[in-house]
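Here the sequence shown is numbered in the working numbering, starting from -18 and rising by one per residue. Cβ atoms here follow ideal geometry from the backbone N, Cα and C, with glycine treated the same way.
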Amino acid sequence: MTEIIVHHLEQSRSFRVLWLLEELNVKYKVKHYKRNDDGIAALYKIHPLGNAKVMATLRD
-18 MTEIIVHHLE QSRSFRVLWL LEELNVKYKV KHYKRNDDGI AALYKIHPLG
32 NAKVMATLRD
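And the structure:
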C-alpha cells in the first residue's frame, strides 16, 4: 500500500494540495512546518529549493 505524506508550510499555497486530497477523499499524512528559520531549513532537506509543495510516497 502507498502512503502519501504532504510537507506543508503554514500560510502557504501547499494548502491547495491538502484541499485537493480532501476533495478526492484520499488518505494522507501531513508534516507541518512553521514559517520560521527552523521550518524553512527543514524543508531544504526535503527539496533542494526549500519549496513547501512537496508530496512524498512510501510503499510497503
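Residues sharing a beta bridge with residue 14, DSSP: -10
Thinking C-alpha only, which one of -10, 40, 5 is nearest residue 27? -10
Under the assumption that residue -13 contacts residue 7 (Cβ atoms under 8 Å), give the Cβ distance between them as a whole number of angstroms. Contact between residue -13 and residue 7 does not hold, since the beta-carbon distance rounds to 10 Å and is not under 8 Å.
Are the beta-carbon atoms of residue -15 and residue 14 separated by less than 8 Å? Contact check for residue -15 against residue 14 fails: the beta carbons are separated by 8 Å or more.
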